[in-house]
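Chemist: Residues in the sequence shown are numbered consecutively from 2, following the numbering used here. C-beta atoms are modelled at their ideal positions from N, C-alpha and C, and glycine is treated no differently. Structure in structure tokens, see below.
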Amino acid sequence: MGTVYLARSPGGRSVALKTMHARIASEADSRTRFRLETDAARVIGGRFGADVVDADPHAETPWLATEYVLGPPLDDAVEQAGPFPEPSVRALGAALCGALGQLHRSDIVHRDLKPSNVMVTAYGPKVIDFGIARAVGDDRLTHTGSAVGTPAFMSPEQATGQEHTSAGDVFALAGVLVFAATGRGPFGNGQAADLLYRVRYAEPDLTGTPQSLVPVLARCLAKDPALRPTTSQLAAQLHDGRGEFADHLPAGVLAEIVRRATDVWQIVPQRLPAPPGGIHGPDTPPGADGATGAPSPTGPSRRGLLMLTGGSLLSVAAAGAGTWSWLGRDDTEEPFDPSPGPSVTGEPERKHDYLWQLQVGGLEYEPGIDLAPVSALIVGDRVALPAGPGLVGVEAKTGSAPWVTEPLLRTPHVATDGTRLYALVEDEDSEGNAGKPGGFPLLVHQVGLTDGSIGKPEVELTAYNGVITENQLLCVADGVLYLAAGKGAYSIDGFLAAQSWSLTAVDAATGEQRWAQPLPSRPDDSDRLLFLAATTVGGRLVLLQEGNDGGVDAVVRDTGSGETVWDRPLEVEKPDLLFQPPATDDLHLYLGCGTLQALRLKDGKVAWSSADDRPGRTYGPPAVKDGVVYAVEKNLGVVAFDAATGDVAREEQGGDGAESLVMYQPVVGDRYVYVPRRSRLGVVDVASHRQVRSYRTDGNRFVAHRKAGVLIAWGGDFLQAYPLE
Numbered sequence: 002m003g004t005v006y007l008a009r010s011p012g013g014r015s016v017a018l019k020t021m022h023a024r025i026a027s028e029a030d031s032r033t034r035f036r037l038e039t040d041a042a043r044v045i046g047g048r049f050g051a052d053v054v055d056a057d058p059h060a061e062t063p064w065l066a067t068e069y070v071l072g073p074p075l076d077d078a079v080e081q082a083g084p085f086p087e088p089s090v091r092a093l094g095a096a097l098c099g100a101l102g103q104l105h106r107s108d109i110v111h112r113d114l115k116p117s118n119v120m121v122t123a124y125g126p127k128v129i130d131f132g133i134a135r136a137v138g139d140d141r142l143t144h145t146g147s148a149v150g151t152p153a154f155m156s157p158e159q160a161t162g163q164e165h166t167s168a169g170d171v172f173a174l175a176g177v178l179v180f181a182a183t184g185r186g187p188f189g190n191g192q193a194a195d196l197l198y199r200v201r202y203a204e205p206d207l208t209g210t211p212q213s214l215v216p217v218l219a220r221c222l223a224k225d226p227a228l229r230p231t232t233s234q235l236a237a238q239l240h241d242g243r244g245e246f247a248d249h250l251p252a253g254v255l256a257e258i259v260r261r262a263t264d265v266w267q268i269v270p271q272r273l274p275a276p277p278g279g280i281h282g283p284d285t286p287p288g289a290d291g292a293t294g295a296p297s298p299t300g301p302s303r304r305g306l307l308m309l310t311g312g313s314l315l316s317v318a319a320a321g322a323g324t325w326s327w328l329g330r331d332d333t334e335e336p337f338d339p340s341p342g343p344s345v346t347g348e349p350e351r352k353h354d355y356l357w358q359l360q361v362g363g364l365e366y367e368p369g370i371d372l373a374p375v376s377a378l379i380v381g382d383r384v385a386l387p388a389g390p391g392l393v394g395v396e397a398k399t400g401s402a403p404w405v406t407e408p409l410l411r412t413p414h415v416a417t418d419g420t421r422l423y424a425l426v427e428d429e430d431s432e433g434n435a436g437k438p439g440g441f442p443l444l445v446h447q448v449g450l451t452d453g454s455i456g457k458p459e460v461e462l463t464a465y466n467g468v469i470t471e472n473q474l475l476c477v478a479d480g481v482l483y484l485a486a487g488k489g490a491y492s493i494d495g496f497l498a499a500q501s502w503s504l505t506a507v508d509a510a511t512g513e514q515r516w517a518q519p520l521p522s523r524p525d526d527s528d529r530l531l532f533l534a535a536t537t538v539g540g541r542l543v544l545l546q547e548g549n550d551g552g553v554d555a556v557v558r559d560t561g562s563g564e565t566v567w568d569r570p571l572e573v574e575k576p577d578l579l580f581q582p583p584a585t586d587d588l589h590l591y592l593g594c595g596t597l598q599a600l601r602l603k604d605g606k607v608a609w610s611s612a613d614d615r616p617g618r619t620y621g622p623p624a625v626k627d628g629v630v631y632a633v634e635k636n637l638g639v640v641a642f643d644a645a646t647g648d649v650a651r652e653e654q655g656g657d658g659a660e661s662l663v664m665y666q667p668v669v670g671d672r673y674v675y676v677p678r679r680s681r682l683g684v685v686d687v688a689s690h691r692q693v694r695s696y697r698t699d700g701n702r703f704v705a706h707r708k709a710g711v712l713i714a715w716g717g718d719f720l721q722a723y724p725l726e
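Here it is as structure tokens:
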């Protein structure tokens, strides 16, 4: 939304000064949001929030000045001093109940409560950042099919784009208190898709939370809003209100408060030039005399969100809104900045066990529809990952990011054959004309591996509408591109029943269509992709296809004609977990997400199933290597099965196996199997099936670059590489 400065008035008062970006100041919705943010900040007042010094949301460049809060944000406090002891958590929670209660009594909900939006002072916590706060029931700024907030601390109803009431703030508050007590959120970290899925369906992880707080916070984290307590009920269960707030704070936090109060006066005031790119208007708003601080960098997000650069010193109070929304539901596109180091987002560099680390400001989760995944693709010596509206190419061996594509990609649907990289790209004339009746051609471009350039299209299919968001580039093999392509008008709300769809194969060298097979139509406003995953093996195209009823079929087609060889409905507990590369060998398709089973590629019949010998056990998506299938078993760890017979060869012994995340595929090296755990990567010996080590990591998705000998993790704000052995 804007840039936040540490500023001083002519009288010497330190304030946090927020100015709106000029490029959005002309938008009515943006000005309304800014005005509502100012109103909400005034409602919460100086006791529970940052006191509003002055503001002019109607100025040519809208601005808001609040007190400079003398204290760290909660995430910094926990990082500096460690998790809070139980008395501190209880006092913090009760005080935050008071802050939220002040808002709720005025029929305002915050909608983005998270550790970085809670400032810890000696007199009590202050809640900041009301950029997406709004009145209860007010849907003027809500768009169909969008979820606004921070995924790790969203309520389930907020994650699905439904109404977020005061009960949603209570859910977020419980997540903040779990973070204060343990140093992590109740649903872990990682990409938005994974977090949103866990928020909606998984039980919160309260491991490490003081035992007496577990039942209290578990009730606040109930999926059903009606089961959560009110802020006043919660406050009564947390603390009796006696004593000064400072008496309940850890000594390390008090020391940090003192340090910040001292350091703010060490800054020599000087006026900074406007940030590059014309972010600000020509006028300096009142209250900016002697302003100093660091302007926001060019944002890595297509949504133009504010990324504070204040680091550990400038804990300013008027931070920008954090927003997540579905692709096609937003309006702006920003270039992606892959610069390494903490200059991108202000995140402190993590001390982990990596070979290299690259800070990328958060790999943007840009789903096609609903929970479509972000994939990493191995191409040559690089790994290509969707980032913002484009792709970033990372050298697997060194971690350098030599290029980022132009912001032309419509969706994260990219594909590679290992040597060439292809992507769906919008027609350059389609900007602002997505609803043009005739549509625009469906374009597939090759991405330059040396510089990320996108030249002339390799494929131009005029029979289809390339603007339709739900088009998919499924995979590429043997010089053939496989796509799901739609005809008809475009809709921002999803599919249209009047659209017609085809599965088509196109020669990548000539652009000629080899065949097209009809696909079922989708009802109006359906927001599920036609295919969850695809790959080729031999002369077969293996597809995981989602039906209109939400069921999933495994479908195998002949690559030469597109004719269906077999089609088999699957029984999977959580279809969204199938958004991962299918595990296949020459004989079978291996599927987890509940029961682990092998389907014969030649006829679709079940070759073997874990239900026969291990009934009732739950498995995640499998991986296969050298005749062995590896999958994570819930509450046990990684299990190895004979690929031909389904007999159990080995199962993990001891270690952290029970902490393994069932929703992800293990990665199999020559000596070790790498298993995602909570905030760690377990390394399990293939022979003994015992954990030999574990790596701390911010990632929860992993891809092996075997030529470079590294395992690359991504999620959050960092890419990290670990030895692949």
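Quick one: give me the first and last residue of the beta strand (DSSP E) that E547 is part of.
Modeler: Translated into positions along the sequence shown, residue 547 becomes position 546. From DSSP, the beta strand (DSSP E) with E547 extends over R541 to E547.
Chemist: Assuming contact is defined by CB atoms lying nearer than 8 Å, are V100 and T67 in contact in what I supplied?
Modeler: Here residue 100 refers to the residue found at position 99 of the sequence shown. Here residue 67 refers to the residue found at position 66 of the sequence shown. Inspection of the sequence shows that residue 100 is occupied by Ala rather than by Val. No.
Chemist: What are the complete beta strand (DSSP E) segments, minimum 3 residues, inside the segment 631-657?
Modeler: Here the runs fully enclosed are 638-643 and 649-652.
Chemist: The alpha helix (DSSP H) that contains Y696, what's its start and end?
Modeler: Residue 696 sits at position 695 when you count from the first residue of the sequence shown. Where Y696 is concerned, there is no enclosing alpha helix (DSSP H), although the beta strand (DSSP E) it sits in stretches over Q692 to R697.
Chemist: Only counting the same chain, and skipping five residues up and downstream in sequence, which positions put a Cβ closer than 6 Å to that of I258?
Modeler: For this step, residue 258 is matched to residue 257 along the sequence shown. Closer than 6 Å at the Cβ level, and outside the excluded window around I258, lie G72 and A123.
Chemist: How is P677 classed by DSSP in three states: helix, strand or coil?
Modeler: Within the sequence shown, the letter at position 676 stands for residue 677. It is a strand residue.
Chemist: Since M120 sits in a beta bridge, which residues does DSSP pair it with?
Modeler: Here residue 120 refers to the residue found at position 119 of the sequence shown. DSSP lists P74 and K127 as partners of M120.
Chemist: Thinking C-alpha only, which one of G419, L7 and T39 is nearest V265?
Modeler: Reading the sequence shown from its first residue, position 264 is the one you call residue 265. Cα-wise, what sits closest to V265 is L7.
Chemist: Smallest Cα separation from A397: which of Y423, A416 and Y355?
Modeler: Along the sequence shown, one-based indexing puts residue 397 at 396. Checked all of Y423, A416 and Y355; the closest Cα to A397 is Y355.
Chemist: Can you have a look at K457 and say buried or exposed, based on whether 16 or more other CB atoms are within 10 angstroms of its CB?
Modeler: Locating residue 457 in the sequence shown gives position 456, counting from the first residue. Counting Cβ neighbours within 10 Å, K457 comes out exposed, since fewer than 16 surround it.
Chemist: According to DSSP, is V265 part of a helix, a strand, or is it coil?
Modeler: Here residue 265 refers to the residue found at position 264 when the sequence shown is read from its first residue. If DSSP states are grouped into helix, strand and coil, V265 belongs with the helices.
Chemist: Suppose you measure from the CA of P84 to the CA of A181; what does that come to, to the nearest Å?
Modeler: Along the sequence shown, read from residue 1 onward, the residue named residue 84 stands at position 83. Along the sequence shown, read from residue 1 onward, the residue named residue 181 stands at position 180. Cα-Cα distance, rounded: 6 Å.
Chemist: Within 10 angstroms of the Cβ of K606, are there 16 or more other Cβ atoms? Answer buried if so, exposed if not.
Modeler: Along the sequence shown, read from residue 1 onward, the residue named residue 606 stands at position 605. Exposed: under 16 other Cβ atoms inside 10 Å.
Chemist: Pull up the DSSP beta-bridge partners for T20, would you.
Modeler: Sequence index remark: in the sequence shown, residue 20 carries index 19 (1-based). Paired residue(s): T4 and W64.
Chemist: Does the Cβ-Cβ distance between A534 and F580 come in under 8 Å?
Modeler: Your numbering for residue 534 matches position 533 in the sequence shown. Your numbering for residue 580 matches position 579 in the sequence shown. Yes, Cβ-Cβ distance for A534 and F580 is below 8 Å.
Chemist: Going straight from the alpha carbon of P216 to that of V415, what length do you get?
Modeler: Taking the first residue of the sequence shown as 1, we reach residue 216 at position 215. Taking the first residue of the sequence shown as 1, we reach residue 415 at position 414. Computed Cα separation, rounded: 45 Å.
Chemist: Taking three-plus beta-carbon pairs below 8 Å as touching, is the segment 556-574 in contact with the segment 540-548?
Modeler: Because the criterion of three Cβ pairs below 8 Å is met, the segment 556-574 and the segment 540-548 touch.
Chemist: First and last residue of the beta strand (DSSP E) that includes R558?
Modeler: For the purposes of this step, residue 558 is identified with residue 557 of the sequence shown, where counting begins at 1. First-last of the beta strand (DSSP E) with R558: V553 to D559.
Chemist: Between R558 and the ligand ATP, is there a pair consisting of the residue's CB and a ligand heavy atom that are separated by less than 7 Å?
Modeler: As for the ligand ATP, it is missing from this structure, which has no ligand bound.
Chemist: Given that a residue counts as buried once 16 or more other Cβ atoms are within 10 Å of its Cβ, and exposed if not, what is H240?
Modeler: Working through the sequence shown from its first residue, we reach residue 240 at position 239. It is buried - the Cβ of H240 has at least 16 other Cβ atoms within 10 Å.
Chemist: Indicate the three-state DSSP secondary structure (helix, strand or coil) for R201 in the structure shown.
Modeler: Indexing the sequence shown from 1 puts residue 201 at position 200. In this structure, R201 counts as helix in the three-state DSSP scheme.
Chemist: Please report the distance separating the alpha-carbon of V711 from that of T470.
Modeler: As a working mapping, residue 711 is identified with position 710 in the sequence shown. As a working mapping, residue 470 is identified with position 469 in the sequence shown. Straight-line Cα distance between these residues: approximately 34 Å.
Chemist: According to DSSP, is L590 part of a helix, a strand, or is it coil?
Modeler: On the sequence shown, position 589 is the one that residue 590 refers to. L590: strand per DSSP, three-state reduction.
Chemist: Specify whether the segment 217-225 and the segment 37-54 touch according to this definition: at least 3 beta carbon pairs, one from each stretch, less than 8 Å apart.
Modeler: The segment 217-225 is not in contact with the segment 37-54.
Chemist: One question on the structure: do A612 and T596 come within less than 8 Å of each other, judged by their Cβ atoms?
Modeler: Taking the first residue of the sequence shown as 1, we reach residue 612 at position 611. Taking the first residue of the sequence shown as 1, we reach residue 596 at position 595. In this structure, T596 lies closer than 8 Å to A612 by Cβ.
Chemist: Whose C-beta lies closer than 6 Å to the C-beta of T39 among residues of the same chain, with five residues either side of it excluded?
Modeler: On the sequence shown, position 38 is the one that residue 39 refers to. A56, P58 and L65.
Chemist: In the DSSP assignment, find the unbroken alpha helix (DSSP H) run with S31 in it and report its ends.
Modeler: The count along the sequence shown starts at 1 and reaches residue 31 at position 30. Here the alpha helix (DSSP H) through S31 covers A29 to F49.
Chemist: Assuming F172 is part of the alpha helix (DSSP H), what are its boundary residues?
Modeler: Numbered from its first residue, the sequence shown carries residue 172 at position 171. First-last of the alpha helix (DSSP H) with F172: S167 to T183.
Chemist: Of all the options M2, S501 and V393, which has the alpha carbon lying nearest to the alpha carbon of L720?
Modeler: The count along the sequence shown starts at 1 and reaches residue 720 at position 719. Nearest option by C-alpha distance: V393.
Chemist: Whose C-beta lies closer than 6 Å to the C-beta of L662 among residues of the same chain, with five residues either side of it excluded?
Modeler: Here residue 662 refers to the residue found at position 661 when the sequence shown is read from its first residue. Closer than 6 Å at the Cβ level, and outside the excluded window around L662, lie P677.
Chemist: If G512 and E547 are in contact, beta carbons under 8 Å, what's the gap, nearest whole angstrom?
Modeler: One-based indexing of the sequence shown puts residue 512 at position 511. One-based indexing of the sequence shown puts residue 547 at position 546. Not a contact, Cβ separation roughly 28 Å.
Chemist: Are the CB atoms of T536 and P582 nearer to each other than 8 Å?
Modeler: Indexing the sequence shown from 1 puts residue 536 at position 535. Indexing the sequence shown from 1 puts residue 582 at position 581. Going by C-beta atoms, T536 is nearer than 8 Å to P582.
Chemist: List the whole-angstrom C-beta distance separating A377 from R702, where the pair is believed to meet the contact cut-off of C-beta under 8 Å.
Modeler: Locating residue 377 in the sequence shown gives position 376, where the first residue counts as 1. Locating residue 702 in the sequence shown gives position 701, where the first residue counts as 1. Contact holds; Cβ gap of about 7 Å.
Chemist: Beta-carbon within less than 6 Å of A641's beta-carbon, same chain only, minus the 5 sequence neighbours each way: which residues are those?
Modeler: Here the question's residue 641 lines up with position 640 in the sequence shown. Here the set comprises V629, Y631, A650 and R651.
Chemist: Are Y675 and V687 closer than 8 Å when you measure CB to CB?
Modeler: For the purposes of this step, residue 675 is taken as residue 674 along the sequence shown, with counting starting at 1. For the purposes of this step, residue 687 is taken as residue 686 along the sequence shown, with counting starting at 1. No. Outside cutoff.
Chemist: On the DSSP letters alone, give me the boundaries of the beta strand (DSSP E) that Q514 sits inside.
Modeler: Numbered from 1 along the sequence shown, position 513 holds the residue referred to as residue 514. Counting along the chain, the beta strand (DSSP E) containing Q514 begins and ends at Q514 to L520.
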